[in-house]
Amino acid sequence: MKLSTKGRYGLRALIDLAQYSEEEPVSITSISNRQGISERYLEQLMAKLKKAEIVKSIRGAGGGYILGKDMHEISVGDVLRALEGSLDPVECSGLSAEEGCSASENCVTKYVWQKINDSINQTVDSIMLDQLVEESKQKCCDAGMTQSGKCKN
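First residue of the sequence shown? That's 428 in my numbering, and the numbers climb one at a time after it.
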C-alpha cells in the first residue's frame with residue numbers, strides 16, 4: 428500500500444493543528460509555513476477533514492481551524508480514510524458480499540488479502556492523534572525548543 432501526498436501531508440497538517448489549536452484556531456497560512464505545504468493544497472485537505480468532522484472551521488478575524496473531536500478520539504485510520512478513501516491495498520471482489528466472485532468458493536488467496544486488509548486497518552485504527560502529538564513533542568524536546576516553547580522543527 429502506498430499513501431498519496433493527501434494522506435501524508437494531511438496527517439502532518441492535522442498533527443500541527445492539534446499542537447497549535449489548544450489556545451486559538453490555527454490558520455492555513457501558519458500550518459503552511461510550519462509544514463512547507465502549499466496553502467491551496469491544505470485548503471483541499473481541510474475541506475475533506477471538515478466533511479469527515481475531524482476539523483471545524485472558525486470564520487472571521489482570528490478564525491482558522493480547530494479539531495472537531497478530542498485528540499484521543501481521532502485515529503490515524505479516520506484521517507487517512509477521510510483523505511484517501513479505503514485503505515485496503517487489495518481489491519478482491521471475493522471479499523465483498525455484494526460483488527461476489529465466480530472463483531470465490533475455491534479461492535485461497537482471498538484469505539491472504541483479507542488478512543492484509545485487516546492488519547492495515549487494525550494498525551491505523553490503533554494509533555490515535557494524541558499519541559502522535561506526544562511523539563512530536565518528545566522529538567522537539569530531544570531536538571531543542573524555541574524561546575516561545577514551541578518546537579523549532
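C-beta: ideal position from N, C-alpha, C; glycine also.
- Taking 8 Å as the cut-off, the Cβ atoms of Val-535 and Leu-438 do not count as close.
- Around the Cβ of Tyr-538, a 10 Å sphere holds fewer than 16 other Cβ atoms; the residue is exposed.
- Here Ser-513 is exposed. Its C-beta has fewer than 16 other C-beta atoms within 10 Å.
- DSSP places Lys-542 inside the alpha helix (DSSP H), whose first and last residues are 536 to 553.
- Comparing C-alpha distances from Ile-481 to each of Cys-567, Ser-546, Val-503 shows the shortest one belongs to Val-503.
- Three or more Cβ pairs drawn from the segment 489 to 504 and the segment 448 to 460 lie within less than 8 Å of each other, which places the two stretches in contact.
- The shortest C-alpha to C-alpha distance from Met-498 to any of Gln-446, Asn-533, Leu-510, Val-517 is the one to Gln-446.
- Here the C-alpha atom of Ile-442 lies approximately 45 Å from the C-alpha atom of Asn-533.
- The alpha-carbon separation between Ile-464 and Ser-546 amounts to approximately 30 Å.
- Membership of Val-503 in the alpha helix (DSSP H) is indicated by the continuous run 503 to 511.
- Residue range 482 to 485 is occupied by the beta strand (DSSP E) that includes Ile-485.
- Ranked by Cα distance from Lys-429, the options Lys-478, Ile-485, Asp-515 are led by Asp-515.
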